[in-house]
Amino acid sequence: MQIAGTVCESCHQSIAFVADGLACPKCNATYHKSCLTVNACPTCGADLEKEQSAIQERKEEELAQVKRQHTAGKVILVCIGAILLCGFRIFASVSRGEPPRFWMFQAITIVVMVAIIIQTYVRNR
Ligand SMILES: [Zn+2]
Ligand SMILES: [Zn+2]
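Per my numbering, residue 64 is the first one in the sequence shown, and the count goes up by one each step.
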């Protein structure tokens with residue numbers, strides 16, 4: 064939201080610096096901080112302090128979401144790697160004619176990895 068260069072709705076003077084101004088997130092009206100006597104928007108009556116903290120919370124939530132997705136991406140990548148590795152080992156074992164107990168552990172690992180991928184995907188939707 065652009066604050067510098069806008070006009071204060073209270074005194075109708077232009078706001079020169081961002082640090083001097085405050086914007087109402089509800090009606091987009093801008094004010095000098097010094098022109099606001101109460102912490103409410105004179106135009107729409109929104110609680111500015113509450114709105115500001117709500118914006119802050121949303122930003123933090125978005126950031127956390129991005130972080131979660133980032134971690135999820137890594138987890139899924141590692142799981143896919145493990146699946147490919149185990150799959151290759153099972154394939155090699157079977158083609159050598161080895162009994163299931165030789166590749167049972169790899170098969171279980173694949174099942175677990177698939178479960179982790181599904182869980183990670185569902186949680187991050
Ligand atoms: Zn003003
Ligand atoms: Zn307002």
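For every residue, glycine included, the Cβ atom is placed at its ideal position computed from N, Cα and C.
Nonlocal neighbours in the same chain, by C-beta distance under 7 Å from residue i, ignoring five residues either side
| i | result |
| --- | --- |
| cysteine 170 | Checking the sequence, you will find alanine at residue 170 rather than cysteine. Same-chain partners within the cutoff: Ile153. |
Distance cut-off 7 Å: residue i Cβ against heavy atoms of ligand 2
| i | result |
| --- | --- |
| alanine 135 | no |
| alanine 117 | no |
| cysteine 71 | no |
| cysteine 98 | no |
Proximity test, residue i beta-carbon vs ligand 1 heavy atom, cut-off 7 Å
| i | result |
| --- | --- |
| cysteine 87 | no |
| serine 77 | no |
| cysteine 104 | no |
| cysteine 74 | yes |
Short Cβ contact (8 Å threshold) for residue i with residue j
| i | j | result |
| --- | --- | --- |
| tryptophan 166 | serine 156 | yes |
| alanine 92 | glutamate 124 | no |
| cysteine 90 | threonine 106 | yes |
| alanine 135 | threonine 183 | yes |
Residue nearest to residue i in terms of C-alpha spacing, selected from the options
| i | options | result |
| --- | --- | --- |
| phenylalanine 80 | Arg186, Lys96, Pro162, Pro88 | Lys96 |
Same chain only: Cβ atoms within 6 Å of residue i, ignoring 5 sequence neighbours per side
| i | result |
| --- | --- |
| glutamate 114 | Pro88 |
Beta-carbon proximity list for residue i, same chain, < 8 Å, skipping 5 on both sides
| i | result |
| --- | --- |
| cysteine 98 | Cys71, Ser73, Cys74 |
| alanine 103 | Ala109, Asp110, Leu111 |
Indicate whether the contact test is met: 3 or more Cβ pairs, each with one atom in the segment 132-148 and one in the segment 166-182, closer than 8 Å.
yes
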